[in-house]
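Take a look at the structure set out below.
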Amino acid sequence: MLLLLLLLLLLLLLLLLLLLLLLLLLLLLLLLIIIIIIILPLLLLIMLLLLLLLLLLFLLQLILLLQQLVLLLLLVVLQLLLHCYCYYYYS
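Counting in the working numbering, the sequence shown runs from 13 upward without gaps.
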């Protein structure tokens with residue numbers, strides 16, 4: 013039971029870390045878009061920045077996938093905790 017609670021806490025911390033990473037990536041994405049639109053009119057540089065933007069979007073997608081996996085694990089741990097609670101409560 014204690015191990016499941018620790019796992020739950022660890023998953024919540026991982027979820028928080030992923031959310032912070034997601035926020036940082038979105039801010040970087042916004043900064044990149046601003047740089048593309050305002051500062052750099054050269055075509056080659058814009059193409060390189062668009063490639064970087066594509067890479068950032070791919071990383072964003074991976075982070076969101078990881079976040080979904082962490083949420084799924086969190087639900088599994090919560091289900092196990094509920095099962096343990098019901099087992100001990102009704103036995």
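Backbone N, C-alpha and C define an ideal beta-carbon position, used for all residues, glycine too.
Residues near residue i by beta carbon distance below 8 angstroms, same chain, minus five either side
i, result
"residue 73", "none"
"residue 61", "44, 47, 48 and 52"
Closest by C-alpha distance to residue i, when choosing among the options
i, options, result
"residue 15", "100, 89, 98 and 103", "89"
"residue 28", "99, 66 and 82", "82"
"residue 26", "101, 35 and 78", "78"
"residue 69", "30, 54 and 37", "37"
"residue 34", "54, 71 and 103", "71"
"residue 24", "101, 67, 80 and 97", "80"
Three-state secondary structure assigned by DSSP to residue i
i, result
"residue 59", "helix"
"residue 54", "coil"
Contact set for residue i: own chain, Cβ-Cβ below 7 angstroms, skip 5 residues either direction
i, result
"residue 13", "96"
- Query: Touch check for the stretch 41 to 49 and the stretch 86 to 97: three-plus C-beta pairs under 8 angstroms?
  - Reply: no
- Message: When you compare the stretch 14 to 33 with the stretch 77 to 89, are there three or more beta-carbon pairs, one atom per stretch, that lie closer than 8 angstroms?
- Response: Verdict: yes, contact present.
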